[in-house]
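Asker: Residue numbers (my numbering), protein chains in the order written: chain L, 1 to 154; chain A, 1 to 258. No residue lacks a Cβ here, since even glycine has one placed at the ideal position from N, Cα and C.
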Amino acid sequence: MEKERIEKIVNKHRNEKSAILAILHEVQAEDNQLNAESLKYIALLLGVPYANVFGLATFYSAFNTEKRGKTLVRACDGISCHINGAEEVIKVLKSKLNIELGETTWDESFGLEKVRCLGLCSISPNVSFNDKTYSNLNKEKILEILQKVTGDSK
Amino acid sequence: MIQMTLNDKEIEASENSTILEVARKNGIDIPTLCYHEALEPFGVCRLCIVEVGGALRKGIRISCIQNVVDGLIVDTESERVKRNRRFLFELLLARSPDSKELIDLAAKHGVFESRFYEADSDDNCVRCGLCVRVCRDKIGAYALCFAHRGYDRMVTTDFELLSEYCIGCGTCAQICPTGAIKMKDEEGERIIYTKSVVIGKFELETCGKCGMPYASRKYLDFVKRNSDDAMAVSVERNLCPTCARRTGAINLVGQMTL
Numbered sequence: 001m002e003k004e005r006i007e008k009i010v011n012k013h014r015n016e017k018s019a020i021l022a023i024l025h026e027v028q029a030e031d032n033q034l035n036a037e038s039l040k041y042i043a044l045l046l047g048v049p050y051a052n053v054f055g056l057a058t059f060y061s062a063f064n065t066e067k068r069g070k071t072l073v074r075a076c077d078g079i080s081c082h083i084n085g086a087e088e089v090i091k092v093l094k095s096k097l098n099i100e101l102g103e104t105t106w107d108e109s110f111g112l113e114k115v116r117c118l119g120l121c122s123i124s125p126n127v128s129f130n131d132k133t134y135s136n137l138n139k140e141k142i143l144e145i146l147q148k149v150t151g152d153s154k
Numbered sequence: 001m002i003q004m005t006l007n008d009k010e011i012e013a014s015e016n017s018t019i020l021e022v023a024r025k026n027g028i029d030i031p032t033l034c035y036h037e038a039l040e041p042f043g044v045c046r047l048c049i050v051e052v053g054g055a056l057r058k059g060i061r062i063s064c065i066q067n068v069v070d071g072l073i074v075d076t077e078s079e080r081v082k083r084n085r086r087f088l089f090e091l092l093l094a095r096s097p098d099s100k101e102l103i104d105l106a107a108k109h110g111v112f113e114s115r116f117y118e119a120d121s122d123d124n125c126v127r128c129g130l131c132v133r134v135c136r137d138k139i140g141a142y143a144l145c146f147a148h149r150g151y152d153r154m155v156t157t158d159f160e161l162l163s164e165y166c167i168g169c170g171t172c173a174q175i176c177p178t179g180a181i182k183m184k185d186e187e188g189e190r191i192i193y194t195k196s197v198v199i200g201k202f203e204l205e206t207c208g209k210c211g212m213p214y215a216s217r218k219y220l221d222f223v224k225r226n227s228d229d230a231m232a233v234s235v236e237r238n239l240c241p242t243c244a245r246r247t248g249a250i251n252l253v254g255q256m257t258l
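What follows is the structure, encoded as structure tokens:
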């Protein structure tokens, strides 16, 4: 990201060290990743050691240091979802998006990820597309949703 | 001063000291990996466990972070402590099965193999954090950090690349209790590396007198920048430690005979 943009975000948080997580979130939302240059500049502006910022960015799974798809598909494979057939759903996602878990499609439009729990066990299995979550899924439903979402993104 | 009992012996100890410090002062050996006198206690290797009673609720405590109190009863070698410590050694051995230092220490306490699944790697790091802490708190270079979390947690440099903040002092390699960080001086070049990351790679400056390579330029500049004038002068003399000592001694003797 350009330095001016980062400066703007950091200034918005009054150059507070304690706001580092919020800053990282905002930079990632715009850039879709936290690359070395952004992290280094954030560290410089806040006066925090660069190594610490890197440790922080890799500690939380919400942050990623490599480019991730525009739409991040989080398929829940927690206990409830697993019992209610999350594996089938994940299989469909994998074959339809043509990627493995943790990978990104060639055009960087989708990333697929397995997560432990989305907190919606009573209406499992769940899959979330960025901020929108779909529940009570099965093979047919996820296909339908995928068609709709891929249609939207085009 | 406070009164406490250490292994059935009445002793006096100063307040604000930890059980580990008091025990070592009294000649009792407690195994540790993550403890170092120069650094703040961290309490992650758990090997320094002792059994306490008396003033504190009876139970197992981490002696490197537990302060002594008046009327404390400590047992460093009870059956319960030994059993727990053996278990901890097994866990550590499962993490770093190839570390010679760890194997030796475990053998000293009667543990020769781990019942747990062994990581199939030559990763000697037990995540004690000594290197990260010494680089951060004592050296002030901030070259190392912990990245990722859970089982994937590892000591690394930023983006797992050659660190531009590393000054090549080699303190991390020296302090590492399990030999996970290694330092090699070869043909005027110093490499500091772990299993997966090369932390630093430096051309070494050669001694002005004997011609032996001894320290990286970055390290010398760092010392000059962060210490008083006397130190800066001695850096500028461009001598390796041996030659510096020798010249110092010669100067001293010269002054004495005058």
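Between A:F146 and chain L, is the shortest Cβ-Cβ distance under 7 Å, so that the two count as touching?
Answerer: Along the second sequence, read from residue 1 onward, the residue named residue 146 of chain A stands at position 146. It does: the Cβ of A:F146 has a partner Cβ on chain L nearer than 7 Å.
Asker: Taking only beta-carbon atoms, is L:G55 less than 7 Å away from chain A?
Answerer: For the purposes of this step, residue 55 of chain L is taken as the residue at position 55 of the first sequence. At least one chain A Cβ lies under 7 Å of L:G55.
Asker: Evaluate the contact criterion for the stretch 35-49 of chain A versus the stretch 180-196 of chain A: three or more CB pairs, one atom per stretch, below 8 Å.
Answerer: At 8 Å Cβ cutoff, the stretches do not touch.
Asker: Going along the chain, which residues of its own chain have a beta-carbon closer than 7 Å to the beta-carbon of L:T133, five neighbours each way excluded?
Answerer: The residue given as residue 133 of chain L occupies position 133 in the first sequence. L118, L120, N126, listed in sequence order.
Asker: According to DSSP, is A:Q3 part of a helix, a strand, or is it coil?
Answerer: Position 3 of the second sequence, counting from 1, holds the residue named residue 3 of chain A. If DSSP states are grouped into helix, strand and coil, A:Q3 belongs with the strands.
Asker: Could you check what DSSP says for A:A147 in three-state terms: helix, strand or coil?
Answerer: Looking up residue 147 of chain A in the second sequence gives position 147. Residue state, collapsed to three classes: strand.
Asker: Hey, could you find the ends of the alpha helix (DSSP H) A:G27 is sitting in?
Answerer: In the second sequence, residue 27 of chain A corresponds to position 27, counting from 1. First-last for A:G27: undefined, no H or E at that position.
Asker: Excluding the five sequence neighbours on either side, which residues of its own chain have a C-beta within less than 8 Å of the C-beta of A:V134, listed in chain order?
Answerer: Within the second sequence, numbered from 1, the residue matching residue 134 of chain A stands at position 134. Correct list, in chain order: H36, A38, L39, T171, C172, I175.
Asker: Would you mind reading off the limits of the beta strand (DSSP E) that contains L:I79?
Answerer: Numbered from 1 along the first sequence, position 79 holds the residue referred to as residue 79 of chain L. Note, L:I79: premise wrong, no beta strand (DSSP E); alpha helix (DSSP H) at 79-83.
Asker: Let me see if you follow: with CB-CB separation under 7 Å, is L:A62 close to chain A or not?
Answerer: Position 62 of the first sequence, counted from the first residue, corresponds to residue 62 of chain L. By this cut-off, L:A62 is not an interface position.
Asker: Quick check: what's the CA-CA separation for L:N136 versus L:S80?
Answerer: Residue mapping note: residue 136 of chain L aligns to position 136 of the first sequence, counting from 1. Residue mapping note: residue 80 of chain L aligns to position 80 of the first sequence, counting from 1. L:N136 and L:S80: Cα-Cα distance of roughly 11 Å.
Asker: Kindly provide the ranges of any beta strand (DSSP E) runs that are 3 or more residues long and lie completely inside the stretch 154-229 of chain A, ordered along the chain.
Answerer: Entirely contained in the stretch 154-229 of chain A, the beta strand (DSSP E) runs reaching 3 residues are, in chain order, 154-156, 182-186, 189-193, 198-206, 213-216.
Asker: So, is the C-beta of L:Y50 closer than 7 Å to a C-beta in chain A?
Answerer: One-based indexing of the first sequence puts residue 50 of chain L at position 50. With 7 Å as the cut-off, L:Y50 counts as an interface residue toward chain A.
Asker: For A:M154, does the count of other Cβ atoms within 10 angstroms reach 16, so buried, or fall short, so exposed?
Answerer: Taking the second sequence and counting its residues from 1, the one referred to as residue 154 of chain A is at position 154. When all chains shown are included, A:M154 counts as buried.
Asker: Nearest chain L C-beta to A:F42 closer than 7 Å, yes or no?
Answerer: Along the second sequence, read from residue 1 onward, the residue named residue 42 of chain A stands at position 42. False, the Cβ-Cβ gap to chain L never drops below 7 Å.
Asker: Taking the straight line between their C-alpha atoms, what separation do you get for L:V94 and L:E88?
Answerer: Numbered from its first residue, the first sequence carries residue 94 of chain L at position 94. Numbered from its first residue, the first sequence carries residue 88 of chain L at position 88. The sequence shown places Lys at residue 94 of chain L, not Val. For L:K94 and L:E88, the distance between alpha carbons rounds to 10 Å.
Asker: Enumerate in chain order the residues of its own chain whose CB-to-CB distance from A:M212 is below 7 Å, with the five nearest sequence positions on each side excluded.
Answerer: By one-based count along the second sequence, residue 212 of chain A stands at place 212. Hits under 7 Å: T206, C240.
Asker: Taking the alpha carbon of A:V81 as the point to measure from, which residue in A:C48, A:K138, A:Y219, A:N124 has its own alpha carbon closest?
Answerer: By 1-based counting over the second sequence, the position of residue 81 of chain A is 81. Comparing Cα positions, the closest option is A:C48.
Asker: Provide the residue(s) that pair with L:K67 in DSSP beta bridges, ordered along the chain.
Answerer: The count along the first sequence starts at 1 and reaches residue 67 of chain L at position 67. According to DSSP, L:K67 bridges with nothing at all.
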